[in-house]
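Student:
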Amino acid sequence: MRYGKPCRTVSAKEFIMKVDIDELAAALEDQNAEISRYLDKETGEVVLVFDDFGLSDSENVDQEARNNPDRYVFIEPMDSSTGYRIMEDFVLELPDGPAKELLERALAWKKPFSNFKNALRELPELKEAWFKHHDARMRAEALEWLADHDIVADDPSGGKA
17 MRYGKPCRTV
27 SAKEFIMKVD
37 IDELAAALED
47 QNAEISRYLD
57 KETGEVVLVF
67 DDFGLSDSEN
77 VDQEARNNPD
87 RYVFIEPMDS
97 STGYRIMEDF
107 VLELPDGPAK
117 ELLERALAWK
127 KPFSNFKNAL
137 RELPELKEAW
147 FKHHDARMRA
157 EALEWLADHD
167 IVADDPSGGK
177 A
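Right under this line is the structure:
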């Protein structure tokens, strides 16, 4: 998948390029250790490398990415503590009541991610608000990641209105 024209230099260290912010956010959030992810600075594409599948194309991309660090930026998945903080912030924004209490308990138990997801199943009225909060925060994480790598997104909204 290609997402636009090659980047152009804005300053000695900064690039502007078309990047699918949602795709970058998904790459940052994905904790699958068998997949490496890179941002191709020439195309703005998120490139997936399947580490343990022995696919020759995947091996070639991985080798190319490792040999061209100026073109490919490794995408380190975000810490689970960041994901936890996103859930925690959502709960803090809720009005006091049974829904907030249920989600607070879910975060306090072992396996807070799966417990939070299960608790949301019991609260269908909050699902849309949660996904809106989550998506906005993940887009912000992606934009911060780009800034940390001296990259400016051509469309920072990620195509969202």
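Residue numbers (our numbering): 17 to 177. By construction, the Cβ of each residue, glycine as well, lies at the ideal position given by its N, Cα and C atoms.
Quick one, which of Arg101, Tyr54 and Lys126 has its alpha-carbon nearest Arg82's?
Tutor: Ranking the options by Cα distance to Arg82, first place goes to Tyr54.
Student: How many angstroms separate the CA atom of Arg24 from the CA atom of Ile167?
Tutor: Caution applies to Arg24, whose pLDDT of 40 falls short of 50 and renders its modelled position unreliable; the model cannot decide the point.
Student: Could you pull out every residue in the same chain whose Cβ sits closer than 6 Å to the Cβ of Leu162, ignoring the five residues on either side in sequence?
Tutor: Correct list, in chain order: Ala169.
Student: Go ahead and pull the three-state DSSP assignment for Ile91.
Tutor: If DSSP states are grouped into helix, strand and coil, Ile91 belongs with coil.
Student: Along the beta strand (DSSP E) that carries Leu55, what are the first and last residues, could you check?
Tutor: It spans Ile51 to Asp56 - the beta strand (DSSP E) in which Leu55 sits, taken as one unbroken run.
Student: Look up Leu139 in the DSSP assignment and say whether it is helix, strand or coil.
Tutor: Reduced to three states, the DSSP call for Leu139 is coil.
Student: Does the Cβ of Phe90 have 16 or more other Cβ atoms within 10 Å, making it buried, or fewer, making it exposed?
Tutor: Classification for Phe90: exposed.
Student: Restricting to Cα atoms, I'd like to know which of Tyr88, Gln79 and Glu120 is closest to Glu61.
Tutor: Minimum Cα distance to Glu61 is reached at Tyr88.
Student: Can you tell me which of Ala145, His165 and Ser97 puts its alpha carbon nearest to the alpha carbon of Ala115?
Tutor: When each option's Cα is compared against that of Ala115, the closest is Ala145.
Student: On a CA-only basis, which of Asp78, Asp67 and Glu92 is nearest His165? Give me that one, please.
Tutor: The shortest Cα separation from His165 among Asp78, Asp67 and Glu92 belongs to Glu92.
Student: Just grab the DSSP bridge partners of Val168 for me.
Tutor: Answer is Ile32, bridged to Val168.
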